[in-house]
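Quick notes on the structure that follows.
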Amino acid sequence: MRLSLEPRTSPWPLMSALAPLLAVALATLGAGILFALMGRDPLAALHALFLSPLDSVNGLAELALKATPLLLCAIGIAIGVRANVWNIGAEGQFIIGAICGGGVALYFGPDGGWWLLPLMLLAGVAGGMAWAAVAAFLRTRFNAHEILVTLMLSYTAVQVLGWLVHGPWQDPEGFNFPQTPLFEPGALLPVLIEGTRVNLGAVFALLSVPLGSLLLGRMMVGFRIRVVGLAPGAARYAGFSEAGTVWFCLLLSGGLAGLAGICEVAGPIGQLLPVISPGYGFAAIIVAFLGRLHPVGILFAALLMALLYLGGEGLQISQQLPLAVTGVIQGMLLFFLLGADVFIGYRVRIVPRTPRHA
Amino acid sequence: MHDAAMLLAVLVATLRAATPLVLAGLGELVAERAGVLNLGLEGMMLVGAVTGFIAAVATGNLAWGLLAAMLAGAAMAAAFAFLTLGLRANQVATGLALTIFGVGFSALVGNSYQSQPIQGLATTLFPELSTAGPLLQQVLLIDPLVWLSLVAPVLVHRFLYRSRAGLILRAVGESHDVAHAFGYHVIRIRVLATLFGGAMSGLAGAYLSLAYTPMWTENMVAGRGWIALALVVFSTWKPGWLVVGAWLFGFVTIAGFQAEALGLSVSPQLLATLPYLSTIIVLVLISRDRVRLKLNAPAALGKPFNPAA
Numbered sequence: 015m016r017l018s019l020e021p022r023t024s025p026w027p028l029m030s031a032l033a034p035l036l037a038v039a040l041a042t043l044g045a046g047i048l049f050a051l052m053g054r055d056p057l058a059a060l061h062a063l064f065l066s067p068l069d070s071v072n073g074l075a076e077l078a079l080k081a082t083p084l085l086l087c088a089i090g091i092a093i094g095v096r097a098n099v100w101n102i103g104a105e106g107q108f109i110i111g112a113i114c115g116g117g118v119a120l121y122f123g124p125d126g127g128w129w130l131l132p133l134m135l136l137a138g139v140a141g142g143m144a145w146a147a148v149a150a151f152l153r154t155r156f157n158a159h160e161i162l163v164t165l166m167l168s169y170t171a172v173q174v175l176g177w178l179v180h181g182p183w184q185d186p187e188g189f190n191f192p193q194t195p196l197f198e199p200g201a202l203l204p205v206l207i208e209g210t211r212v213n214l215g216a217v218f219a220l221l222s223v224p225l226g227s228l229l230l231g232r233m234m235v236g237f238r239i240r241v242v243g244l245a246p247g248a249a250r251y252a253g254f255s256e257a258g259t260v261w262f263c264l265l266l267s268g269g270l271a272g273l274a275g276i277c278e279v280a281g282p283i284g285q286l287l288p289v290i291s292p293g294y295g296f297a298a299i300i301v302a303f304l305g306r307l308h309p310v311g312i313l314f315a316a317l318l319m320a321l322l323y324l325g326g327e328g329l330q331i332s333q334q335l336p337l338a339v340t341g342v343i344q345g346m347l348l349f350f351l352l353g354a355d356v357f358i359g360y361r362v363r364i365v366p367r368t369p370r371h372a
Numbered sequence: 012m013h014d015a016a017m018l019l020a021v022l023v024a025t026l027r028a029a030t031p032l033v034l035a036g037l038g039e040l041v042a043e044r045a046g047v048l049n050l051g052l053e054g055m056m057l058v059g060a061v062t063g064f065i066a067a068v069a070t071g072n073l074a075w076g077l078l079a080a081m082l083a084g085a086a087m088a089a090a091f092a093f094l095t096l097g098l099r100a101n102q103v104a105t106g107l108a109l110t111i112f113g114v115g116f117s118a119l120v121g122n123s124y125q126s127q128p129i130q131g132l133a134t135t136l137f138p139e140l141s142t143a144g145p146l147l148q149q150v151l152l153i154d155p156l157v158w159l160s161l162v163a164p165v166l167v168h169r170f171l172y173r174s175r176a177g178l179i180l181r182a183v184g185e186s187h188d189v190a191h192a193f194g195y196h197v198i199r200i201r202v203l204a205t206l207f208g209g210a211m212s213g214l215a216g217a218y219l220s221l222a223y224t225p226m227w228t229e230n231m232v233a234g235r236g237w238i239a240l241a242l243v244v245f246s247t248w249k250p251g252w253l254v255v256g257a258w259l260f261g262f263v264t265i266a267g268f269q270a271e272a273l274g275l276s277v278s279p280q281l282l283a284t285l286p287y288l289s290t291i292i293v294l295v296l297i298s299r300d301r302v303r304l305k306l307n308a309p310a311a312l313g314k315p316f317n318p319a320a
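Taken in sequence, the protein lines are chains B and P. In terms of my numbering, the first sequence has 40 at position 26, counting the first letter as 1, and numbering is strictly consecutive. In terms of my numbering, the second sequence has 93 at position 82, counting the first letter as 1, and numbering is strictly consecutive.
This is the structure in structure tokens:
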């Protein structure tokens, strides 16, 4: 007996929607087994992971807070992957966005007016775009693959942030801690619900969903992106510029990641620290795939991934489990999703092993 | 005399810094020559590093640690092979998943071993020599895995270009349909090449946690898996050039420390960006010649094989 994969004549659309659900179910099962292996009651741990975070207004607000950077980064990544442009370095663009926007806040300090916050956001977007533009330039001009370039730029960005908060931007009154001074109140994003931390950034993230859908489904540039991704030969024949698509995708996703970065430091963090992200830029890759590279799907996927982060923190407190559990479950989720996707394109049959003919 | 000792120190330090890149890079080179693009090096190295460390602590024997690391790397590669070669999942996405999983898994498993010291590889092999003179002490830092990093490229080169199995492996990477038509087991050969890549990555990870800096810290591979991947492209899939590239990187890493020793004050964070920026430069230099890259790259790299078609 062996498994045989037969290509379907046309993809199975229902499975495309079911695969993420199947993957979530399998990852939940995997998480339960993991908890049992670590000597915890699986049901109690799963409850703490998925349900406990949602039983208060504050919990829901924290969920929105964590979904914001994931959503912004993932929509940019997804639009790129549609065109076969792999921006794996959203984490770096996020950090540079935070540095540029945060730098504006620190430069003006208490002298800022109403214009300070918009200027910070612009600087954040521009910073993320600039970091991604390096990859776009090297790809279009020198054929250097964007996966490796954006990744290397992410590692570089982490070090640049470390240098700034240990060196030139360090708070002189901060007892030598690696951190900048706290941003002035005028440089912080307004909070939406009193008593919680959810802020204006969540609105930007929500807006990116219809805008992303519009771009992909209704606009010429979105059409080009899809053609370049699905049929590069046809795109060339139609005269769609490949370089233009690479630039557009990287600038867009870089800008969104930069926006996410400045929203994070001008929001819940309120200053620059050596570590400002628990890996949102990388988790956003999973979010993009889990959301089927479609903005609406990505909204749900981002909420789920945010719940994993939130629940992971809860597990740390209630079950004394290390925070790394979140990363393992995230990895399993993507594994199962990629495995489940086989059913979209192939029919899986169990066939008896036939004797081999030499 | 002082100069000779200094030169030797730089040379040895370069070789040591290059070792994990050579080991992981060679594994990936063989996998890519068979047509498999596994972007999960970073994850496999991390899992290798933590598994090797735990096994070495548990058994008190570094050899068991190295073996466990190779098995762990191969196990990760087996998951990759199952998804991409068995279920024909996208190789790029699956490789990323492997890395994301490896980062989380290694952090979870290694959580209680953080910063626990261990007797490193070099000194335990020749304990009686640890009181030798300064020159000899430098050479003592060349542990068996550094020697392996010098020998393995020759072996891999001989395998790829001087053996029948190597020829078949390259044929599978150039055109799986032709290789299939000739009666070779494309999937089986690719699985084996992928497993070899995983084992080498695991070994490279264990080198970091058992020899280079003998301890386990979260994310200690610090992008070396990705640098090794870039080196494979840089080498145009030839073992000899891979070694040259790795030495170059070892030297860049070491040069930073040497600059510090010479009294140049540069922030450690900015020094740490050097390997990453060099990777980008190297990648640009090699990729700008599209024709050369295309002529040297395995033609079926990353493409799924569908025997029914």
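Heads up, the beta-carbon is just placed ideally off N, CA and C, and yes, glycines get one too.
Bridge partners - residue i, DSSP secondary structure assignment
i	result
residue 18/B	363/B
residue 205/B	213/B
residue 125/P	227/P
Where residue i falls: helix, strand or coil (DSSP)
i	result
residue 273/P	coil
residue 299/P	coil
residue 11/B	Here chain B covers residues 15 to 372 and nothing more, so residue 11/B does not appear.
residue 181/B	coil
residue 187/P	helix
residue 120/P	helix
residue 113/B	helix
residue 320/P	Per-residue confidence for residue 320/P stands at a pLDDT of 48, beneath the threshold of 50, marking its modelled position as unreliable; the derived number appears in the next sentence. DSSP places residue 320/P in coil when its eight states are reduced to three.
residue 233/B	coil
residue 372/B	Low local confidence applies: a pLDDT of 44 at residue 372/B is under 50, so the model's placement there is unreliable, with the coordinate-based value given in what follows. Residue 372/B: coil per DSSP, three-state reduction.
residue 201/P	helix
residue 172/P	helix
residue 167/P	helix
residue 107/B	helix
residue 344/B	helix
residue 294/B	helix
residue 157/B	coil
residue 348/P	In the structure as shown, chain P starts at 12 and stops at 320, and residue 348/P therefore has no counterpart that could be examined.
residue 14/P	helix
residue 399/B	Here chain B covers residues 15 to 372 and nothing more, so residue 399/B does not appear.
residue 323/B	helix
residue 278/B	helix
8 Å contact criterion, which residue i and residue j should meet: CB distance rounded
i	j	result
residue 221/P	residue 74/P	Going by Cβ atoms, the distance from residue 221/P to residue 74/P rounds to 10 Å, so no, they are not a contact pair.
residue 316/P	residue 187/P	4 Å
residue 59/P	residue 215/P	7 Å
residue 329/B	residue 38/B	Between residue 38/B and residue 329/B the Cβ distance is about 17 Å, and since that is not below 8 Å, they are no contact.
residue 201/P	residue 23/P	Contact flag wrong, Cβ pair sits at about 37 Å.
residue 303/P	residue 247/P	7 Å
residue 270/B	residue 116/B	18 Å between Cβ atoms; not a contact.
residue 322/B	residue 343/B	6 Å
Q: Below 9 Å between beta carbons is the criterion; list the residues of the stretch 115-134 of chain P that meet it against any residue of chain B, in chain order.
A: 115, 116, 117, 118, 119, 120, 121, 122 and 123
Q: Below 9 Å between beta carbons is the criterion; list the residues of the stretch 294-315 of chain B that meet it against any residue of chain D, in chain order.
A: Of the chains in the structure shown, none is chain D; the protein chains are B and P.
(Q) Would the stretch 104-118 of chain B count as touching the stretch 136-152 of chain B if we require 3 or more Cβ pairs under 8 Å? (A) yes
Q. At a Cβ cut of 9 Å, what residues of the stretch 335-346 of chain B count as close to chain P, listed as they run along the chain?
A. 335, 336, 337, 338, 339, 340, 341, 342, 343, 344, 345 and 346
Q) Per the contact definition of three or more C-beta pairs closer than 8 Å, is the stretch 98-113 of chain P in contact with the stretch 37-52 of chain P? A) yes
Q. Are there three or more Cβ pairs, one per stretch, closer than 8 Å when the stretch 258-266 of chain P is compared with the stretch 19-30 of chain P?
A. Short answer: they touch.
(Q) Check whether the stretch 82-94 of chain P and the stretch 206-218 of chain P touch, using three or more Cβ-Cβ pairs below 8 Å as the test. (A) They touch, by the three-pair rule.
Q.
Against chain B, which members of the stretch 259-288 of chain P pass a CB distance test of less than 7 Å?
A. 278, 280, 281, 283, 284, 287 and 288
Q. What residues in the stretch 98-113 of chain B have a beta carbon less than 8 Å from any beta carbon of chain P?
A. 100 and 102
Q. Three or more C-beta pairs closer than 8 Å, one from the stretch 156-163 of chain P and one from the stretch 177-195 of chain P: is that the case here?
A. no
Q | Against chain B: residues of the stretch 216-237 of chain P by CB proximity under 9 Å | A | So the list reads 229, 233, 234 and 237, given in the order they occur along the chain.
Q) Looking at chain P, which residues of the stretch 196-220 of chain B have a Cβ within less than 8 Å of any of its Cβ atoms? A) none
(Q) For the structure I just gave you, are there three or more beta carbon pairs, one from the stretch 75-85 of chain B and one from the stretch 217-234 of chain B, closer than 8 Å? (A) yes
**Q.** Interface positions of the stretch 154-170 of chain B facing chain P (Cβ-Cβ less than 9 Å), listed along the chain
**A.** 155, 156, 157, 158, 159, 161, 162, 163, 165, 166, 167, 168, 169 and 170
Q) Are the stretch 70-81 of chain B and the stretch 304-319 of chain B touching by the rule of at least three beta carbon pairs closer than 8 Å? A) yes
Q | Selection of the stretch 180-193 of chain B by Cβ proximity to chain P, strictly under 7 Å | A | 180 and 181
Q: Assess, as a yes-or-no matter, whether the stretch 172-187 of chain B is touched by the stretch 237-250 of chain P under the definition of 3 or more beta carbon pairs within less than 8 Å.
A: no
Q. Just by C-beta distance, which residues in the stretch 87-115 of chain P are closer than 9 Å to chain B?
A. 90, 93, 94, 95, 97, 98, 99, 100, 101, 103, 104, 105, 107, 108, 109, 110, 111, 112, 113, 114 and 115
Q: Count the CB pairs spanning the stretch 332-347 of chain B and the stretch 46-64 of chain B that are closer than 8 Å, and state whether there are at least three.
A: yes
Q) Counting Cβ pairs, one atom from each stretch, are 3 or more of them under 8 Å apart for the stretch 125-136 of chain B and the stretch 233-243 of chain B? A) no
**Q.** contact_flag[the stretch 245-259 of chain B, the stretch 118-125 of chain B] where n(CB pairs < 8 Å) is 3 or more
**A.** Too few Cβ pairs lie closer than 8 Å, so no.
Q. Quick one, which residues of the stretch 350-361 of chain B are near chain P if we go by CB-CB under 8 Å, in chain order?
A. Within the stretch 350-361 of chain B, the qualifying residues are 352, 353, 355, 356, 359 and 360.
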